[in-house]
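In full-length UniProt numbering, the protein residues as written are 1 to 324. Note that the Cβ used here is the ideal one computed from N, Cα and C, for glycine as well. Below is one structure, written out as structure tokens, with a few remarks after it.
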Amino acid sequence: PVLLQHGLLCASPVWVTSDNSLGFSLADAGFDVWLGNSRGNTYSRKHIKYDPDRDKEVFWDFSWHEMGYYDLPASIDYILNVTGHERLFYIGHSMGTTMYFVLGATRPEYMDKVQAAVTMAPVVFPWNVRGAFGASMNSLTPFLNWLTKLLGLYEIMPRSPKVLWLDRHVCANPRLQVICSDFVFAICGFDKKELNMTVFPTILEYLPDGASFKELEHFSQIRPKGSNFKQFDYGYIGNLWRYGSYFPPTYNLTNVRAPLYIYYGQNDWVADPQDVSYTVSRLPNVKKVIKVANDQFNHIDFMWAIDAKTLIYDDVISTFNKYV
């Protein structure tokens, strides 16, 4: 089995938006494909006790730490239990890689359940993030974080009727599509040649798809250059209460010992090549680092580039077949 885990503000359909998508490519190659959904998106808003709209303060009190520590282990155990296999392959994109590194660092026993992992555009040390995403992280000052909580803003950018209307009436209009595509490029890096404008409206049906404000806040805490990859910082008093120390624990990346294959794009404004290089230097079992053979390849191209199958997916499938 193969578990695919999407990034921030996305959902599982991002892997199956066209015939050449990664989900279909893996299935056509004979793999049993499982699509994960991170907490808080359209497909993951249920809780045994809390309601996402009524109990906002407690329901949305999570970041990618909880996803890596609780949710990924639960997903892995479920898949292995259903399929009867002892190990699986993991593929993560963007925050889907962040979650995986949290899993490996904090629950190293799960590395025995991963045959091999592929991380596309890994986000671990986001020191050189550019574009709109970098600007948004820079703007998250302690005062702004406090203000958002005071105003009860715990969820960000859920899929909504207004967003869907914009997609169907503006982004699906050939004359206006450039407005929507340029907005996406301003976040991820410009690569107009690889964006399939025919599929673009379908892509936007599932983007953005909701997240907790705390996820973004957690990224902002590890944004400053030289910052550690660490658990959520609650301030001195909050850290003492939660961790027993003034500072949050740093994730031990040497525990991420399952075979690892890393793909990155030269024009990725979120997973900057310099940051990826530093991440590689901190990991113990990197089998291969692959720079995509297109210097304009950006952050979303890993899922939606016209040539993603020949540039990435075929190589991933070939790699996995060596373990089968």
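Own chain, CB closer than 6 angstroms to V33, minus 5 neighbours either side, in chain order: To locate residue 33, count along the sequence shown from 1; it is residue 33. Here V33 has V2, G23, L26, A27 as same chain residues with Cβ atoms under 6 angstroms from its own Cβ, once five neighbours each way along the sequence are excluded.
Going by Cα to Cα distance, which pick from T202, G189, V16 is closest to L35? The residue labelled residue 35 in the question sits at position 35 within the sequence shown. Cα-wise, what sits closest to L35 is V16.
Touch test, the stretch 261-273 against the stretch 75-84, Cβ-Cβ under 8 angstroms, three pairs minimum: Fewer than three beta-carbon pairs drawn from the stretch 261-273 and the stretch 75-84 are found closer than 8 angstroms, and the two stretches are therefore not classed as touching.
Here's the rule I'm using: 16 or more other beta-carbon atoms within 10 Å means buried, otherwise exposed. How should I48 be labelled? Sequence index remark: in the sequence shown, residue 48 carries index 48 (1-based). Under this definition I48 is an exposed residue.
Counting only the same chain and skipping the five closest in sequence on each side, list residues whose C-beta sits under 7 angstroms from that of K230. In the sequence shown, residue 230 corresponds to position 230, counting from 1. Here the set comprises I222, P248, P249, T250, Y251.
Bridge partners of H230, per DSSP? Position 230 of the sequence shown holds residue 230. Correcting the residue type first, residue 230 is Lys in the shown sequence and not His. In the DSSP assignment, K230 is bridged to T250.
Give the straight-line distance between the Cα atoms of N145 and E217, rounded to the nearest whole angstrom. For this step, residue 145 is matched to residue 145 along the sequence shown. For this step, residue 217 is matched to residue 217 along the sequence shown. Whole-angstrom Cα-Cα distance: 8 angstroms.
C-beta contact flag for residue 346 and T42 at 8 angstroms: This structure does not reach residue 346, given that the chain is present from 1 up to 324, and the question cannot be answered.
Using only the alpha-carbon positions, how far apart do D112 and L150 sit? Taking the first residue of the sequence shown as 1, we reach residue 112 at position 112. Taking the first residue of the sequence shown as 1, we reach residue 150 at position 150. Taking the straight line joining both Cα atoms gives about 43 angstroms.
Check each candidate in D77, K162, G92, Q115 and name the one with the smallest Cα separation from Y323. What you label residue 323 is simply residue 323 of the sequence shown in a count that begins at 1. Closest in C-alpha terms to Y323, from the list D77, K162, G92, Q115, comes Q115.
Going by DSSP, which residues form a beta bridge with L4? Here residue 4 is taken as the residue at index 4 of the sequence shown, counted from 1. Paired residues: L35, I91.
Residues in the same chain with beta-carbon distance under 7 angstroms from F59, minus the five sequence neighbours each way, listed in chain order, please. Here residue 59 refers to the residue found at position 59 of the sequence shown. Within the same chain, F59 has close Cβ partners H47, Y50, D51, P52.
So V124 packs on T279, CB below 8 angstroms; how close in whole Å? For this step, residue 124 is matched to residue 124 along the sequence shown. For this step, residue 279 is matched to residue 279 along the sequence shown. Sure, about 5 angstroms apart at Cβ, within 8 angstroms.
Through-space distance from K287 to residue 326, alpha-carbon basis: Past the boundaries of the shown model lies residue 326; the chain is included only from 1 to 324, so the question cannot be answered.
Fully enclosed by the stretch 15-68, which alpha helix (DSSP H) runs are 4 residues long or longer? Those alpha helix (DSSP H) runs which fall completely within the stretch 15-68 and span 4+ residues are 22-28, 56-59.
Same chain only: Cβ atoms within 8 angstroms of K214, ignoring 5 sequence neighbours per side: Taking the first residue of the sequence shown as 1, we reach residue 214 at position 214. Only W60, D61, F62, S63, Y154, F232 meet the Cβ criterion.
Judging by CA-CA distance, which residue of T202, G235, A121 is the nearest neighbour of C188? The residue labelled residue 188 in the question sits at position 188 within the sequence shown. Selected option, being the one with the closest Cα: A121.
Reduced DSSP category for Y154 - H, G, I as helix; E, B as strand; rest coil: On the sequence shown, position 154 is the one that residue 154 refers to. The DSSP-derived three-state label of Y154 is coil.
Quick check on the burial criterion: 16 or more other C-beta atoms within 10 angstroms. Buried or exposed for P174? One-based indexing of the sequence shown puts residue 174 at position 174. Under this definition P174 is an exposed residue.
Starting from L195, follow its DSSP beta bridges and name the residues at the other end. Residue mapping note: residue 195 aligns to position 195 of the sequence shown, counting from 1. In the DSSP output, where bridge partners are listed per residue, L195 has A305.
Do E194 and D167 have their C-beta atoms within less than 8 angstroms of each other? Counting from one through the sequence shown, the residue named residue 194 turns up at place 194. Counting from one through the sequence shown, the residue named residue 167 turns up at place 167. Their beta carbons are not under 8 angstroms apart, which means E194 does not touch D167 by this criterion.
From what residue to what residue does the beta strand (DSSP E) around L164 run? Start at 1 with the first residue of the sequence shown, and residue 164 comes out as number 164. For L164, no beta strand (DSSP E) segment is defined; the enclosing uninterrupted segment is the alpha helix (DSSP H) at 161-166.
Between the CA atoms of Y313 and I91 - distance to the nearest angstrom: For this step, residue 91 is matched to residue 91 along the sequence shown. For this step, residue 313 is matched to residue 313 along the sequence shown. Spanning the alpha carbons of I91 and Y313 requires a straight line of approximately 11 angstroms.
Enumerate in chain order the residues of its own chain whose CB-to-CB distance from L311 is below 8 angstroms, with the five nearest sequence positions on each side excluded. Start at 1 with the first residue of the sequence shown, and residue 311 comes out as number 311. If we look at L311 and ignore the five residues flanking it on each side, its Cβ neighbours are V292, A293, N294, F297, A305.
Give me, in chain order, the residues of the same chain whose beta-carbon lies closer than 6 angstroms to that of T98; leave out the 5 immediate sequence neighbours on both sides. Residue 98 sits at position 98 when you count from the first residue of the sequence shown. Annotation for T98: W64, V123 place their beta carbon closer than 6 angstroms to its own, counting only its chain and skipping 5 residues before and after.
Simplified DSSP state of V292, which is helix, strand or coil: Here the question's residue 292 lines up with position 292 in the sequence shown. Judged by DSSP in its simplified three-state form, V292 adopts coil rather than helix or strand.
Assuming A29 contacts I290 under a Cβ cut-off of 8 angstroms, what Cβ separation, rounded to an integer in Å, is found between them? By 1-based counting over the sequence shown, the position of residue 29 is 29. By 1-based counting over the sequence shown, the position of residue 290 is 290. Contact between A29 and I290 does not hold, since their C-beta atoms are separated by about 18 angstroms, which reaches or exceeds 8 angstroms.
Reducing DSSP to helix, strand and coil, say where I79 ends up. Here residue 79 corresponds to residue number 79 of the sequence shown, with the count starting at 1. DSSP places I79 in helix when its eight states are reduced to three.
In the DSSP assignment, the beta strand (DSSP E) including Q115 goes from what residue to what residue? Along the sequence shown, read from residue 1 onward, the residue named residue 115 stands at position 115. Run containing Q115: 114-120, per the beta strand (DSSP E) assignment.
Looking at the structure shown, is V324 part of a helix, part of a strand, or coil, going by DSSP? Numbered from 1 along the sequence shown, position 324 holds the residue referred to as residue 324. Reduced to three states, the DSSP call for V324 is coil.
Of the residues L176, F200, W127, A105, the one placed nearest Y69, counting alpha carbons only: Numbered from its first residue, the sequence shown carries residue 69 at position 69. Ranking L176, F200, W127, A105 by Cα distance to Y69 puts A105 first.
So is S277 buried or exposed if we call it buried at 16+ other beta carbons inside 10 Å? The count along the sequence shown starts at 1 and reaches residue 277 at position 277. Its Cβ having fewer than 16 others within 10 Å, S277 is exposed.
Where do the N-terminal and C-terminal ends of the alpha helix (DSSP H) with Y236 fall, by residue? Locating residue 236 in the sequence shown gives position 236, where the first residue counts as 1. Unbroken alpha helix (DSSP H) run through Y236: 235-243.
Outcome for F89 when other beta-carbon atoms lying within 10 angstroms are tallied against a minimum of 16: In the sequence shown, the residue the question calls residue 89 occupies position 89. The residue in question, F89, is buried, as its Cβ has 16 or more Cβ neighbours within 10 Å.
I'd like to check one pair, G96 with G226: are the Cβ atoms closer than 8 angstroms? Locating residue 226 in the sequence shown gives position 226, counting from the first residue. Locating residue 96 in the sequence shown gives position 96, counting from the first residue. When the beta-carbon positions are compared, G226 and G96 stay at least 8 angstroms from each other.
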